[in-house]
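First up is the structure itself, then whatever we jot down about it.
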Amino acid sequence: MSCDNSCGPLVVTLLTGVPGLPGTLDAVVGDVEIVPESGVNTATVIGIQGQPVSATDPAANQVFQFNGTEWVPATYTAGTY
Numbered sequence: 347m348s349c350d351n352s353c354g355p356l357v358v359t360l361l362t363g364v365p366g367l368p369g370t371l372d373a374v375v376g377d378v379e380i381v382p383e384s385g386v387n388t389a390t391v392i393g394i395q396g397q398p399v400s401a402t403d404p405a406a407n408q409v410f411q412f413n414g415t416e417w418v419p420a421t422y423t424a425g426t427y
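First residue of the sequence shown? That's 347 in the numbering used here, and the numbers climb one at a time after it.
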């Protein structure tokens with residue numbers, strides 16, 4: 347996956363009806379929700395290890411960091427972790 351200038355929540359488009367790929371994914375368990383979008387199921391990560399992911403979009407070169415409550419976008423500074 348690549349982000350040119352910005353990225354929203356972690357989103358995975360599930361390919362269906364493509365020759366050679368398995369059929370439709372109707373349900374998942376865990377930190378992902380499936381939302382039908384224009385005939386394509388889209389899986390969105392809403393948590394990591396049961397902890398929520400912030401709805402705030404990360405800026406370029408940011409990482410998700412756990413702040414004790416949720417995973418939030420943060421600027422990584424080498425050598426401070």
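C-beta: ideal position from N, C-alpha, C; glycine also. Keep in mind it's a predicted model, so treat the numbers as computed, not measured.
Rounded to the nearest angstrom, what separates Gln395 and Asp377 at their Cα positions?
7 Å
By how many angstroms is the C-alpha of Val386 removed from the C-alpha of Phe412?
Roughly 31 Å between the two C-alpha positions.
State the Cα-Cα distance for the pair Gly363 and Ile380, rounded to the nearest angstrom.
Because the pLDDT of Gly363 is 48, which lies under 50, any placement of that residue in the model is unreliable, and the number read from its coordinates should be weighed accordingly. Distance between the alpha carbons of Gly363 and Ile380: 17 Å.
Counting along the chain, where does the beta strand (DSSP E) carrying Ala420 start and finish?
Element bounds for Ala420: Trp417 to Thr421.
Here's the rule: buried if 16 or more other CB atoms are within 10 angstroms of the residue's CB, otherwise exposed. What is Val409?
Residue burial annotation: Val409 is exposed, with fewer than 16 other C-beta atoms found within 10 angstroms of its C-beta.
Taking the beta strand (DSSP E) that Ala389 belongs to, which residues open and close that run?
Val386 to Val391
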